[in-house]
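One structure below.
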Amino acid sequence: AESNQFCNAGIEYGESSCGVSSSSSKILIKGGTVVNAHREEVADVYVKDGIIVAVKPNIKVGDDVTVLDATGKFVMPGGIDPHTHLAFEFMGTETIDDFFSGQAAALAGGTTMHIDFVIPVSGSLTAGFEAYEKKAKKSCMDYGFHMAITKWDEVVSKEVEIMVRDKGINSFKFFLAYKGALMINDELLLEGFKKCKSLGALAMVHAENGDAVYEGQKRMIELGIFGPEGHALSRPSLLEAEATARAIRLAGFVNTPLYVVHVMSIDAMEEIATARKKGQRVIGEPVVSGLALDESGVWDPDFVTAAKFVMSPPIRASGHDKALQAALSTGILQLVGTDHCSFNSTQKALGIDDFRNIPNGVNGIEERMHVVWDIMVESGQISVTDYVRITSTECARIFNIYPRKGAILPGSDADIIIFNPNSSFEITAKSHHSRSDTNVYEGRRGKGKVEVTIAGGRIVWENDELKVVPGSGKYVEMPPFTYLFNGIDKGDAEYLSSHRAPVKRFKSTD
Ligand code: URP
Ligand code: ZN
Ligand code: ZN
Ligand code: ZN
């Protein structure tokens, strides 16, 4: 039998150590309102061997089928979190949630797939990929990988090709912050953009000016500000806007699509809005913390409380949250991530004397679906179909795995949630499924609740109980040339034709 560590926090094995039998391979979800990004309808959903085989009213089945009544509830694609860091070695420690505990938490919150960031080992993509393959062996839900690029040479250039052609990776992230660690310069960024474009891979950026952040941190220390508030003060939104603008312009120069992760400020969001208005292919990803929280957290007089809100870019002053929500509701921003990167209070205490040593990151993988429902749907800003789009479908489209993921359609993977809009949720560190002892949404309540989660055709969350199986999650390969690349060559042709042929000059001969 497996180790008992997985049996805490109310997490049960689906079919091993706790003696719980595996869920039926045939499931009928009856009478719910099935919501896809393109429409909603009252229908039954029939699942067999991990795949959705039928979506229509009044499906009749035999008595070997598990029937779930969804009358009065929404039946939606499981959430896909485009931005997580599980088992991430960062700032002298490793995130408290690994691929098992983080995914178990995700499933309890209605998220059935995530895309994590492979971090190279001493710049090597191959070594990084192998390390993450190992970390992910205990997965209990499906996952994909983005990959960070932290140095550039002939070997890395070749490795990028291998990752795209053989390893199922179609997105690469460039950190413009974390000087001395993950940060890269503009020269590498341009090389990376060119390579991504040639392979049909999506370039992603963490947009903050790392040199200026470094300067801002020194200023705080000189002023004698060592607490968590110094984190926010040292990296203001103008530094996020600068890096966002720079990345957008360089991606425009190379003519390749760009994905900006964790858009935290009005300033950065407006750079994206301006570029999109001009027709540039820029995707903006707000994260739940930026949409639902404000800067007041890091000003809390209690260090443990303040430190749990430290992430980069920082959670901004009140007002940015509402503006990001509005941008999401109007399509300026397209999908919601979490940047789940959880450290417990002991880990956060590494920076008790100096905010520069507080491991950066907040939780969210379990809370995303509920909090986004509350602030976006319950508040009246978006429809239920839009909710499915921003929590699931758009992510599947951008990373080229739609309609296998992100849809309730015949042939799609059976990653499904049953959501009761008349129930309610409450978030506490005591009841959550992450291994962390804190939660940035502590005490938050709202309407709506994920009552059932089905992942890969298995009921993994029901009656507030998890039944998860380590090793049952599958690696989802993501092919290149997502829709963002459609017609991109025409832009290149236009660029060339709008420039005159080289002027012929003769050497002057006197
Ligand atoms: O503070 C953060 N965001 N930690 C995770 C790493 C990153 O920058 O996404
Ligand atoms: Zn148990
Ligand atoms: Zn980042
Ligand atoms: Zn991140």
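Residues -3 to -1, 1 to 507 (mature numbering (1 follows the signal peptide of the UniProt record, and there is no 0)) are what the sequence shown spells out, left to right.
Quick reminder that beta carbons are idealized off the backbone N, C-alpha and C, glycines included.
Remark: the shortest separation between the CB of Gly358 and any heavy atom of ligand 1 falls under 7 Å. Counting every other CB atom within 10 Å of its CB across the protein chains shown gives Ala102 a total of 16 or more, marking it as buried. Exclusion of the five residues before and after Gly165 leaves Gly141, Phe142, Tyr472, Val473, Glu474, Met475, Pro476 as the residues of its chain whose Cβ lies within less than 8 Å of its Cβ. Counting C-beta pairs with one atom in each stretch, the segment 89 to 100 and the segment 51 to 63 have fewer than three that are closer than 8 Å, which means they do not touch. Inside the segment 216 to 295, DSSP marks whole beta strand (DSSP E) runs of 3 or more residues at positions 255 to 257, 279 to 281, from first to last along the chain.
Between Val385 and Asn33 the beta-carbon gap is near 6 Å, inside 8 Å, which marks them as a contact.
In the three-state scheme derived from DSSP, where H, G and I count as helix and E and B as strand, Glu363 is classed as coil. Taking the CA atoms as reference points, Lys70 sits about 14 Å from Gly107. Residues lining ligand 4 by the Cβ criterion, that is a Cβ closer than 7 Å to any of its heavy atoms, are His80, His82, Phe114, His203, Val258, His259, Asp336, Cys338 in chain order.
One thing to note: Leu199 has its Cβ within 8 Å of the Cβ of Thr479. If you ignore the 5 residues before and after Asp350, its C-beta comes within less than 8 Å of the C-beta of Phe223, all in its own chain and listed in chain order. Using a 10 angstroms sphere on the CB of Phe250, the tally of other CB atoms stays under 16, which defines it as exposed. Contact check for Gly189 against Ile146 passes: the beta carbons are separated by less than 8 Å. DSSP places Thr108 in the strand class (E or B) of the three-state scheme.
If the five residues before and after Gln277 are omitted, its C-beta is found closer than 6 Å to the C-beta atoms of Gly249, all from its own chain and listed in chain order. Between the alpha carbons of Ser195 and Thr68 lies a distance of about 49 Å.
Nearest neighbour of Glu86 by Cα position, chosen from Gly125, Val52, Asp264, Ser495, turns out to be Gly125.
Residue environment for Leu220: exposed (fewer than 16 other C-beta atoms within 10 angstroms of its C-beta). As computed with DSSP, Gly76 is found in a beta bridge with Thr108. Considering only Lys23, Ala51, Ser262, Met266, the residue with the shortest C-alpha distance to Ser309 is Ser262. Close CB contacts of Asp489 within its chain, under the 8 Å cut and outside five residues either way in sequence, are with Asn252 (chain order). DSSP places Phe172 in the strand class (E or B) of the three-state scheme. Collapsing the DSSP output to three states places Thr90 in a strand.
Approximately 13 Å separates the beta-carbon atoms of Ala452 and Met73; this is outside 8 Å, ruling out the contact. If you draw a straight line from the Cα of Ser168 to the Cα of Thr109, it is about 20 Å long. When Cβ pairs closer than 8 Å are counted between the two stretches, the segment 299 to 314 is seen not to touch the segment 387 to 403, the count staying below three. A distance criterion of 7 Å places the beta-carbon of Ser262 beyond contact range of ligand 1, judged by its closest non-hydrogen atom. Where Ile48 is concerned, the enclosing beta strand (DSSP E) starts and stops at 48 to 53. In this structure the segment 336 to 347 does not touch the segment 263 to 271; the number of beta carbon pairs closer than 8 Å is below three. Counting the other Cβ atoms within 10 Å of the Cβ of Ile398 gives 16 or more, which makes it buried. In this structure, Ser234 has its CB at a distance of at least 7 Å from all heavy atoms of ligand 3.
A direct Cα-Cα distance of roughly 26 Å separates Leu83 from Pro254. In summary, Tyr256 is buried, with 16 or more beta-carbon neighbours lying within 10 Å of its beta-carbon over all protein chains present.
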